[in-house]
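Plus 110 on top of the position in the sequence shown (first one is 1) and you've got our numbering.
Glycine included, each C-beta is placed from N, C-alpha and C at the ideal position.
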Amino acid sequence: MGNNKSLSSRLDDFILCCLEKGKLFMNKKTRLPKLDLQDNQSLGAKITVDDVKKSINSLKNGKACGPDGFPAEVYKTFVDIFAPLLTRMFQYAYDNKKLPKTMQQSIISLIPKDHKDPENPASYRPLSIQNTDSKILANDLASQILNFIIGLHN
């Protein structure tokens, strides 16, 4: 890139620039459709143990585990123990509008893109590795949203 700044420093600058662009985008007034009360309530339905079990069983084996060190295989092996506990935790988080700190953590690694200049920060893509309980909640929420969208089209 022609200057003496370290790659680490250039990556910091690049990430800050991306975050600023994201803030500008989010601050623009957009005309997104709004849900009516009934639709909003159907999306906010209670999380069930069966839903959590489905989310656990849909996890892919052999994937990297997050900061907590628990891979999907542990949750699948002990699904009958974890599902009720996670259901209560997810419902508590939903009711109180706050996720536990551990569900807000991830490990971010920068993966170099093939055949790109390794000195250019844009030559890397971020990979976020989350705790498995976060993945389970994300799967459950994605399933609820998908079912809602399918219901809109039927």
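In the three-state DSSP reduction, Gln-240 falls in the strand class (E or B). For Ser-168, the secondary structure class from DSSP, reduced to helix, strand or coil, is coil.
For Pro-177, DSSP records no beta bridge to any residue. According to the DSSP assignment, Leu-153 belongs to the alpha helix (DSSP H) that extends over 147 to 153. The Cβ atoms of Gly-172 and Ile-239 do not sit closer than 8 Å to each other.
Taking all protein chains in view, the Cβ of Thr-242 is crowded by 16 or more other Cβ atoms within 10 Å, so the residue is classified as buried.
Leu-129 and Ser-119 have their C-alpha atoms roughly 15 Å apart.
Cβ-Cβ distances below 7 Å link Arg-235 to Ile-221 and Lys-223 in the same chain, with the five nearest sequence neighbours on each side left out; the list follows chain order. Around the beta carbon of Pro-194, fewer than 16 other beta carbons sit within 10 angstroms, so the residue counts as exposed.
When DSSP reads this structure, Leu-220 sits in a beta bridge with Pro-236. Per DSSP, reduced to three states, the secondary structure at Gln-215 is coil, with no helix or strand assignment.
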